[in-house]
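> Here's a structure for you.
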Amino acid sequence: MKVAVCVKQIPDPASDYQLDPEDHTLVRPNEQVLDDTDRYGVEVALQMAERHEGTVTLISMGPSGNLQGVRQALAMGADKAVLVDDPSLKGADSLTTARVLAAAIEREGFDLVIAGTESTDGYSGVVPQQVAELLSVPALTYAIAIEYADGTVRIKRQTATGYDEVESETPVLVSVTSGVVEPRYPTFKGIMQAKSKPVDTLTAADLGVDGSVGQQVTAVDVSPARAAGEKVEDDGEAYLRIITALEEAKVI
Amino acid sequence: MPWVYIEESQGAPVTVGLEVLSKARSLGEPTVVYVGEGSDAAFATLGAHGAAKVLHITPPAGMLGTAQVAATIAELIAAHSPGVLLLGMTYGARDVAGRLSARTGGTVLANAIDVSLDGGVSAVNEVFGGAKLVTTRVTGPGTPLVLVRPKSFPAEPSGGDVPPIESVPLADAGHAGSARVTGTHTEKAAGPKLEDAAIVVAGGRGLGKEEAFGMVEELADLLGGATGATRAIVDSGWVPYAKQVGQTGKTVKPDVYIACGISGAMQHLVGMKDSSTIIAINKDEEAPIFAVADLGIVGDVHKVLPQVIEALKGR
Ligand SMILES: Cc1cc2nc3c(=O)[nH]c(=O)nc-3n(C[C@H](O)[C@H](O)[C@H](O)COP(=O)(O)OP(=O)(O)OC[C@H]3O[C@@H](n4cnc5c(N)ncnc54)[C@H](O)[C@@H]3O)c2cc1C
Ligand SMILES: Nc1ncnc2c1ncn2[C@@H]1O[C@H](COP(=O)(O)O)[C@@H](O)[C@H]1O
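So the protein lines, in turn, are chains A and B. According to this note's numbering, the first sequence is numbered sequentially starting from 3. According to this note's numbering, the second sequence is numbered sequentially starting from 1136.
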């Protein structure tokens, strides 16, 4: 089974995110981490590959930087990475991103594509569905559980009121929530091996995709901040303040 | 003319669809693309909220159907070239919008909290937990697709009549449309609906263990409110996704929001920061939730919550 998993390198969420004052795109430092959301995708991909004699290829678009994020995923156990890094893709919208990812996935060949449900820094939440459409495969989305047998992928698809059981034959794309599995931590051996695993770097032209962007930020405004109220250290009586606040809000 | 995508849930148009339709009235005469079984009552509701016309698509039975629905809407868009398609941001709408944009080449603007057609289609969305508002204009070809977050606009009836209904045949989507739905599981729900409740008591990982969510339920019960949760404890399987508040869950604007053991990550804040009164209990005085709380208690939920519950029981 050939598994392709879409992973994104993002600025460390613990750092302060900045917008470029010129074009208002997110500033991406040289050192970026693996999007935590994608650790779940990588884990699902690895489990599928381990159980069904497969390989796992990481597909990523964005500035390579020092490749820390991609190496993290390789250290978990992925076999190789394909990275599309091209200045013309700076500020790419979701459709351009999906065109790039789909072209790279097609070039590698696949039975199963795994993606996260939404990225931490972009969170458009539509890239996986766009990729599926471009690859002409079903998208089994918002998976909270996944299994595979005899050419059929079955998932539990999270819904507003519970979940649906959804299935389809491969080739197929599955987007996974962050509850689906417990991602493994890279072992020391994994980290060492990751250093020599193949990382192909491609441009948009290599894939025949033009990096046009269909949207432009026209304004960035500071939203009227909600003022912080009072902060009270609990001395054993603080619950009375809550009761008073509930009374003031006229809900009790 | 604005088009609005609305899906059916339990026989009725989804609320976020009616919210978006209400907004669309201010942008022109809305045509609704309605996806569901359809009924006189459902069409009347659409008319009452301002639909001038309904294009009705019945999804294929027993199938996921998003690829077929997207292919059908793509044909409609090719035939009519609407200026914009607005969609309330549900899971289903994200699936359809993604596929549709890949088919038509139209740009998707996601997470919109406002939309304008002045000088082209543009949308506003909140970034950094709502600290900044970014306006994005569509410059690409095709009909722009705008996914609007729930509760961005009120659903307000305009008193319109039942609009003309045109039934649209379903397009074929080949292998992409082959996903089957083999079972549906619905979690039992008690008490008021989270998105409509006047009081929300929400719990996070600071509760420590699944059983401690019982305190949150008890307090919500006493106040006649609904329970909510962070994604952290939804992903851990403590509570169902239906309870999740935030960017990828529900948006709530209750009179009172009580956050128990919740750090206040920006993805959580965007779902609740517009509540009238926010009360937070967290043992870390640096927790970001305190930046939006009207009343912040620096303390242990395991001490404070039982005291609040006792005090309310005694009233
Ligand atoms: C793309 C994306 C989308 C997301 N969407 C959502 C979303 O829709 N909703 C959402 O909620 N999150 C969402 N998240 C996750 C979000 O980033 C946070 O990880 C999550 O909200 C944290 O949940 P928490 O506050 O329960 O846990 P933590 O961040 O672990 O916070 C627990 C808090 O409890 C406090 N605490 C611990 N013990 C006690 C005690 N005894 N008494 C009192 N306080 C205590 C701690 O000080 C801490 O502040 C999303 C993330 C991403 C990347
Ligand atoms: N630039 C990218 N490179 C690789 N994968 C991506 C990229 N952008 C989005 N994805 C995938 O699509 C998912 C959803 O992202 P988004 O649509 O941006 O919210 C992510 O979890 C990734 O799996």
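Note that the Cβ used here is the ideal one computed from N, Cα and C, for glycine as well.
Does the beta-carbon of A229/A have 16 or more other beta-carbons within 10 angstroms, so that it is buried, or is it exposed?
The residue is exposed, with fewer than 16 neighbouring Cβ atoms inside 10 Å.
> Let's test the definition: count the other Cβ atoms within 10 Å of the Cβ of H1320/B and tell me whether it reaches 16, buried, or not, exposed.
exposed
> Since S1257/B sits in a beta bridge, which residues does DSSP pair it with?
Answer by DSSP bridge pairing, in chain order: S1251/B, R1272/B.
> Should S96/A be labelled buried (16 or more other beta-carbon atoms within 10 Å of its own) or exposed?
buried
> Decide if R1450/B is buried, meaning its Cβ has at least 16 other Cβ atoms within 10 Å, or exposed.
exposed
> Beta strand (DSSP E) containing M63/A: first to last residue?
57 to 63
> For D208/A, is the beta carbon positioned less than 7 Å from some heavy atom of ligand 1?
no
> When DSSP builds the beta bridges, which residues end up paired with R159/A?
Bridge partners of R159/A: A145/A, D166/A.
> How many Å lie between G1185/B and T1278/B at the Cα?
In this structure, the alpha-carbon of G1185/B lies about 21 Å from that of T1278/B.
> With a CB to CB cut of under 6 Å and the five nearest residues on each side skipped, what residues in its chain are close to A1333/B?
P1389, D1390
> Anything in the region 1230 to 1248 of chain B with a Cβ closer than 9 Å to a Cβ of chain A? List those residues in chain order, please.
D1230, V1231, A1232, G1233, R1234, L1235, S1236, A1237, R1238, G1240, G1241, T1242, V1243, L1244, A1245, N1246
> For L242/A, name the three-state secondary structure that DSSP assigns.
helix
> At a CB-CB cut-off below 9 Å, which residues of chain B make contact with G153/A?
Correct list: empty, because the minimum Cβ distance to chain B is about 12 Å.
> At what residues does the beta strand (DSSP E) containing T1319/B begin and finish?
1315 to 1321
> Would the region 1308 to 1318 of chain B and the region 1349 to 1368 of chain B be scored as touching if the rule is three or more Cβ pairs under 8 Å?
no
> Can L1280/B and L1235/B be called in contact, C-beta distance under 8 Å?
Taking the C-beta atoms as reference points, L1235/B is found nearer than 8 Å to L1280/B.
> For M1407/B, count the other beta carbons within 10 Å of its own beta carbon; 16 or more makes it buried, fewer makes it exposed. Which is it?
buried
> How do the region 1252 to 1261 of chain B and the region 137 to 157 of chain A stand: do at least 3 beta-carbon pairs fall below 8 Å, yes or no?
no
> Check this for me: beta carbons of D202/A and L76/A, under 8 Å apart or not?
Cβ distance not < 8 Å, so D202/A and L76/A don't count as in contact.
> Hey, does P140/A have any beta-carbon neighbour from chain B nearer than 8 Å?
yes
> Pull up the DSSP beta-bridge partners for L1144/B, would you.
Note that residue 1144/B is Ser in the sequence shown here, rather than Leu. Answer is A1147/B.
> When a residue counts only if its C-beta is closer than 7 Å to some heavy atom of ligand 2, which residues count, in chain order?
C8/A, V9/A, K10/A, D37/A, T39/A, D40/A, G43/A, I61/A, S62/A, M63/A, G64/A, S96/A, T99/A, L103/A, A117/A, G118/A, T119/A, E120/A, S121/A, G124/A, Y125/A, S126/A, G127/A, V128/A, V129/A, P130/A, S177/A
> Is the beta carbon of E167/A closer than 8 Å to that of V1189/B?
no
> I need the boundaries of the alpha helix (DSSP H) containing T1239/B, first residue and last residue.
Unbroken alpha helix (DSSP H) run through T1239/B: 1226 to 1239.
> Output the boundary residues of the beta strand (DSSP E) element that contains S1302/B.
Annotation for S1302/B: the continuous beta strand (DSSP E) segment containing it runs 1300 to 1302.
> Assuming I1432/B is part of the alpha helix (DSSP H), what are its boundary residues?
Premise fails: I1432/B lies in the beta strand (DSSP E), 1430 to 1433, not in any alpha helix (DSSP H).
> Please report the Cβ distance between I1393/B and A1347/B, rounded to the nearest whole angstrom; I am assuming they are in contact, meaning their Cβ atoms lie under 8 Å.
In fact, because the Cβ distance is near 14 Å, the residues do not count as touching under 8 Å.
> Let's test the definition: count the other Cβ atoms within 10 Å of the Cβ of N32/A and tell me whether it reaches 16, buried, or not, exposed.
The residue in question, N32/A, is exposed, as its Cβ has fewer than 16 Cβ neighbours within 10 Å.
> Got a sec: is the Cβ-Cβ distance from R228/A to anything in chain B below 8 Å?
Chain B contact via Cβ: present.
> Three or more beta-carbon pairs under 8 Å between the region 1139 to 1146 of chain B and the region 1167 to 1187 of chain B, yes or no?
yes
> Exposed or buried, which one is P1491/B when buried takes at least 16 other CB atoms within 10 Å?
The structure shown has nothing for residue 1491/B, since chain B only spans 1136 to 1450.
> Answer with yes or no whether the minimum CB distance from S1313/B to chain A is below 8 Å.
Yes, S1313/B lies at the interface with chain A (some Cβ there is under 8 Å from its Cβ).
> What did DSSP end up calling L1506/B once you bin it into helix, strand or coil?
This structure does not reach residue 1506/B, given that chain B is present from 1136 up to 1450, and the question cannot be answered.
> May I ask which residues mark the beginning and end of the alpha helix (DSSP H) holding E52/A?
38 to 53
> Report the rounded CA-to-CA distance for A1206/B versus L209/A, giving the unit in angstroms.
26 Å
> Please identify, using Cβ separations under 8 Å, the residues of the region 7 to 33 of chain A that lie next to chain B, in order along the chain.
Y19, L21, H26
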